[in-house]
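K.L.:
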Amino acid sequence: MALIFIRTAIIFITLMFIMRLMGKSQVGEMQPFEFVISLLIAELACIPMADTSIPLLYGIIAIIAIFVLHQIVWLLDLWFKPVKTAVCGKPSLVINKNGIDDYQLKSNNLDISDLIESMRVAGYFSLDDVFYGLYESNGSFSALENPDRQTSSLSVLLIDCGKVDKKNLAICGIEQDDLDKVLREQNAKLKDVLVMTVNGEGRVYFQKRKEKYKILEMEIKNKW
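With my numbering as the guide, the letters of the sequence shown map in order to residues -10 to 213.
1. Determine the DSSP secondary structure at Asp90, reduced to helix, strand or coil.
2. Note the first and the last residue of the continuous beta strand (DSSP E) segment covering Met185.
3. What is the DSSP secondary structure of Arg192, counted as helix, strand or coil?
4. Kindly give me the distance between the Cβ atoms of Ile0 and Met38, rounded to whole angstroms, as I take these residues to be in contact under 8 Å.
5. Take Met(-6) as the anchor and find which of Leu94, Arg192, Asp40 has the nearest alpha-carbon.
6. Can you say whether Asn98 is buried or exposed, counting buried as having 16 or more other CB atoms within 10 angstroms of its CB?
7. What number of angstroms, rounded off, separates the C-alpha of Gly88 from the C-alpha of Leu29?
8. Where does Ile105 fall in DSSP's three states?
9. Ends of the beta strand (DSSP E) at Glu174?
10. Mapping the DSSP letters down to three states, classify Tyr124 as helix, strand or coil.
11. Taking DSSP's pairing of strands, which residues face Ala132 in a bridge?
12. Alpha carbon to alpha carbon, how far is Leu58 from Cys150? Give it in angstroms, no decimals.
13. Identify whether Phe1 lies in helix, strand or coil by the three-state DSSP scheme.
14. Lys197 by DSSP, collapsed to three states: which one?
15. With respect to the beta strand (DSSP E) encompassing Ile84, which residues constitute its N-terminal and C-terminal limits?
16. Rounding to the nearest angstrom, what Cα-Cα distance links Ser14 and Met207 in this structure?
17. Put Asp66 into one of helix, strand or coil per three-state DSSP.
18. DSSP on Ile204, reduced to helix/strand/coil?
19. Determine the DSSP secondary structure at Leu45, reduced to helix, strand or coil.
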């Protein structure tokens, strides 16, 4: 027991020292390669701590090797921009002056629901609350706020990439006929609609694929 405690303490001290050398990003918002390195270090640290038949030095050397590789990637990241893009990726502009960029969302394996969730976390509850929105290379969401934002209640997703959310229709008290009427007025087929949301006052965010979004009004039975 004492041997395991001592080995664990040595690995712990080594990890604390290495993680400190790697910089603050290791304990904050990590780049993809930093996340992979953190997982590797955690795995390498567990093996010599749990298995006393493995020399402790093997684990320490492996951890130091990962640290050296991290520093090499970090230096290449600073000196060569193409390497930075290849290793860390680049920001993706998912909301622009025309609305949502469906292509950028798909390129990042995201959908409308993911975008709306990220916006809510950032404090924006309507898609037109921001002029520009982007996902940084580390996955965090950043936005340029619309100074004329008119959010007064939570927006509910009604149509997501051509698919109707019937549960949300019921929550809002909107009949299918009412939804069809909006589509006819906008000369849009359901499959052509990228996104449609409505808030508690009937304010609608409507965007067809490859077109600029529109702000509409519609009657809803269940206000919130």
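Don't be surprised by glycine CBs; every beta carbon is placed ideally from N, CA and C.
P.N.:
Quick answer:
1. coil
2. 182 to 187
3. strand
4. 5 Å
5. Correcting the residue type first, residue -6 is Phe in the shown sequence and not Met. Checking every option, the nearest Cα to that of Phe(-6) belongs to Asp40.
6. exposed
7. 40 Å
8. helix
9. Segment 165 to 174 is the alpha helix (DSSP H) holding Glu174; no beta strand (DSSP E) there.
10. strand
11. Gly122
12. 42 Å
13. helix
14. strand
15. 81 to 85
16. Model confidence at Ser14 stands at a pLDDT of 49, short of 50, so the residue's coordinates are unreliable; what they give is reported in the following sentence. So the alpha carbons of these two residues sit roughly 47 Å apart.
17. helix
18. strand
19. helix
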